[in-house]
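Here's the structure, in structure tokens; my notes come after.
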Amino acid sequence: MTTITLFGSTGDLSYRKLLPALYNMYSNSQTDFQIIAIGRKDYTTKDYIQTIQTGIQEYTRLAFDEEIFKKFSKRIIYYQMDLTNKNSYVQFNEFIKQQNIQDQIFYLALSPQFFHQVIEGLKMLDHIEKNRVVIEKPFGESTEDMNLINQKLKEIFEDDHLYYIDHYLGKEMVQNIKTIRFKNALFKSNWNQDMIESIQISALEKDGILNRGAYYEKSGALKDMVQNHIFQIVTILTMEEQKNQHEAQLDILHHLHVEKMILGQYKGYKQEKNVSPDSTTETYAELECRIQKKPWENVPIFIRTGKKLNRREIYVVIKFRSFDGSPNNLLEIKIQPTEGVYLQFNIKKPQEKNEIQTVKMDFCQSCLEVNRINTPQAYERLLKEVIRNSHEYFSSFEEILTSSRLIEEIEKPEPFIYENQIENSLTDWIEIPHTLDK
Ligand SMILES: NC(=O)c1ccc[n+]([C@@H]2O[C@H](COP(=O)([O-])OP(=O)(O)OC[C@H]3O[C@@H](n4cnc5c(N)ncnc54)[C@H](OP(=O)(O)O)[C@@H]3O)[C@@H](O)[C@H]2O)c1
Numbered sequence: 004m005t006t007i008t009l010f011g012s013t014g015d016l017s018y019r020k021l022l023p024a025l026y027n028m029y030s031n032s033q034t035d036f037q038i039i040a041i042g043r044k045d046y047t048t049k050d051y052i053q054t055i056q057t058g059i060q061e062y063t064r065l066a067f068d069e070e071i072f073k074k075f076s077k078r079i080i081y082y083q084m085d086l087t088n089k090n091s092y093v094q095f096n097e098f099i100k101q102q103n104i105q106d107q108i109f110y111l112a113l114s115p116q117f118f119h120q121v122i123e124g125l126k127m128l129d130h131i132e133k134n135r136v137v138i139e140k141p142f143g144e145s146t147e148d149m150n151l152i153n154q155k156l157k158e159i160f161e162d163d164h165l166y167y168i169d170h171y172l173g174k175e176m177v178q179n180i181k182t183i184r185f186k187n188a189l190f191k192s193n194w195n196q197d198m199i200e201s202i203q204i205s206a207l208e209k210d211g212i213l214n215r216g217a218y219y220e221k222s223g224a225l226k227d228m229v230q231n232h233i234f235q236i237v238t239i240l241t242m243e244e245q246k247n248q249h250e251a252q253l254d255i256l257h258h259l260h261v262e263k264m265i266l267g268q269y270k271g272y273k274q275e276k277n278v279s280p281d282s283t284t285e286t287y288a289e290l291e292c293r294i295q296k297k298p299w300e301n302v303p304i305f306i307r308t309g310k311k312l313n314r315r316e317i318y319v320v321i322k323f324r325s326f327d328g329s330p331n332n333l334l335e336i337k338i339q340p341t342e343g344v345y346l347q348f349n350i351k352k353p354q355e356k357n358e359i360q361t362v363k364m365d366f367c368q369s370c371l372e373v374n375r376i377n378t379p380q381a382y383e384r385l386l387k388e389v390i391r392n393s394h395e396y397f398s399s400f401e402e403i404l405t406s407s408r409l410i411e412e413i414e415k416p417e418p419f420i421y422e423n424q425i426e427n428s429l430t431d432w433i434e435i436p437h438t439l440d441k
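Using the numbering used here, you'd call the opening residue of the sequence shown number 4 and step up by one each time.
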């Protein structure tokens, strides 16, 4: 049986995302595993299970079932450990031997400041090279740090034992982009600068930084969202169709240039916990990018992402060219919270000879209950992939490094202050009202 050893099991990511995902996987009875939950807090296994129950009840995708949770919790052992103390790894090694654990997945749900010490600690465990490691973004405190961490990991593990997680790759509609692009003659033949005028990607959040000031101060919107999640979407939208998807995505990253950028900071950010009173960290970023490579040179790619905005939504709009002044065809891919596809096109207005009417096809995938039940959440899908030893939904280290360099090299303007919405954008953002959204 696989053992998932969760470093950072008492943190926010584990509470809201990882443990509910593991519970859902267990409920579906598709995968068998046990969990060693590692934290610094002085919990017994019983305390730990009581604490996570509330999170699972709140964040589970499937209905919470008391009986299933009881059985699930029997698979969990809480193990208290200070990751910064070398001796604790010697003791942990003994514990693993006692438990007779063979196949382990180490999930580093930790801030990157701990990665070096944890990797040094892992080295001290018997037969460590046989196991797998999952690493959460940010994969280091800087590009240089990422390189060092990767080198250290590679001293112990083969490439195929390392999983760099970007949970956007586990999102249903991000995966769907490839099918929409490559499995429809309608789009496949028109997916280039001759037919596409612009691409817009929006990832908008209503929440602020919640309790994550210490992390967000170092990261900001560019490192938190653009350099990983949004660049994944950009590259999947524009990559060539080829067998090795990571190579195709990397090729786009090598040709991606940021031409313009504006940054913002929400009003009240400086008063958040663990935020400096004169912080210049951006909580909003808007970019105009170009891919300096055929068939994309003439297509601006607009990106915007931010916190404390007037709505929570992630979506992509492809604006097709208009050749004779008729309204542009629009294709929208809705990623979150609604999942779906919207297509706007032109027909003749009934009764009128020359008048055009713009109509739409609006497919809401997540409006169907059967889809909601059968669609795993991103972390569920990714954890299953790790257990199956599949790398399909994970970033390659080269992609991570190239994206990080790209963001590090941009000169950042001073952020302006905003409240709920942005006044002076780089473009007119296309807003499509949806009749089917829930
Ligand atoms: N939260 C999210 O939604 C999210 C999303 C994507 C990526 N991430 C990334 O995931 C990582 C974890 O994020 P998070 O939000 O879960 O952070 P968090 O809430 O601050 O949790 C940090 C975890 O690290 C543990 N820890 C800290 N110092 C330790 C030590 N000396 N020994 C043992 N454990 C120690 C804490 O244990 P104790 O609580 O027991 O002290 C806690 O479990 C970060 O890199 C973050 O950027 C988070």
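Glycine included, each C-beta is placed from N, C-alpha and C at the ideal position.
- According to the DSSP assignment, K351 belongs to the beta strand (DSSP E) that extends over G343 to K351.
- For ligand 1, the residues with a Cβ under 7 Å from any of its heavy atoms are, in chain order, F10, G11, S12, T13, G14, D15, L16, S17, R19, K20, I41, G42, R43, K44, M84, D85, L86, T87, A112, L113, S114, P115, F117, E139, K140, P141, H170, R215 and Y218.
- Under the 8 Å Cβ criterion, the region 156-175 counts as touching the region 396-408, having at least three qualifying pairs.
- Linking Y219 to T308 through their CA atoms gives a straight-line distance of about 14 Å.
- By the neighbour-count criterion, in which a residue is buried when 16 or more other Cβ atoms sit within 10 angstroms of its Cβ, S17 is buried.
- Here R184 has F190, K191 and W194 as same chain residues with Cβ atoms under 7 Å from its own Cβ, once five neighbours each way along the sequence are excluded.
- Restricting attention to Q154, H249 and I212, the CA atom closest to the CA of L172 is found in H249.
- In terms of CA proximity to F118, E144 leads the group L128, E144, F366 and Q101.
- Checking the DSSP bridge columns, you'll see G309 partnered with L207 and Y287.
- I183 carries a helical assignment under DSSP once its states are collapsed to helix, strand and coil.
- Leaving aside the five residues that flank L253 on each side, the residues in its chain whose CB is nearer than 6 Å to its CB run, in chain order, E401 and E402.
- Put simply, of M28, F419 and E342 the residue whose alpha carbon is nearest the alpha carbon of S428 is F419.
- Secondary structure at N392: coil, using DSSP grouped into helix, strand and coil.
- Within the DSSP bridge table, the entry for I80 names I39 as partners.
- Listed in chain order, the beta strand (DSSP E) elements of length 3 or more contained wholly in the region 242-283 are 259-269.
- The shortest C-alpha to C-alpha distance from G271 to any of N357, Q154 and S279 is the one to S279.
- The count of Cβ pairs closer than 8 Å, one atom from the region 27-37 and one from the region 382-390, reaches three, so the stretches are in contact.
- By the Cβ criterion, the region 203-211 is not in contact with the region 368-386, since fewer than three pairs of Cβ atoms, one from each stretch, lie closer than 8 Å.
- Taking C-beta atoms as the reference points, I55 and L86 fail to come closer than 8 Å.
- Rounded to the nearest whole angstrom, the C-alpha separation of T182 and L334 is 14 Å.
- For D148, the uninterrupted alpha helix (DSSP H) run begins and ends at T146 to I159, by DSSP.
- When DSSP reads this structure, I199 sits in a beta bridge with F323.
- Inclusion of S407 and T146 in the CB contact set at 8 Å is warranted, their separation being smaller than that value.
- The DSSP-derived three-state label of E335 is strand.
- For V362, DSSP records a beta bridge to F348.
- A straight-line Cα-Cα distance of about 17 Å links R215 and D281.
- Comparing C-alpha distances from I59 to each of K310, I410 and D15 shows the shortest one belongs to D15.
- When the alpha-carbon of S114 is set against those of E123, K221, I180 and M198, the nearest one is in K221.
- The beta carbon of A112 sits closer than 8 Å to those of L9, F10, G11, S12, G14, L16, S17, L21 and E139, all from its chain and outside the five residues before and after it, given in chain order.
- Cα atoms of T5 and Q107: separation of roughly 6 Å, rounded to the nearest angstrom.
- A straight line joining the alpha-carbon of M364 with that of V344 spans about 8 Å.
- By the criterion of at least three beta-carbon pairs nearer than 8 Å, the region 146-159 is not in contact with the region 314-330.
- Our two residues, R314 and K209, have alpha carbons roughly 5 Å apart in a direct line.
- Between Y81 and G42, the C-beta spacing is below 8 Å.
- Under the DSSP assignment, T6 falls in the beta strand (DSSP E) whose first and last residues are T5 to F10.
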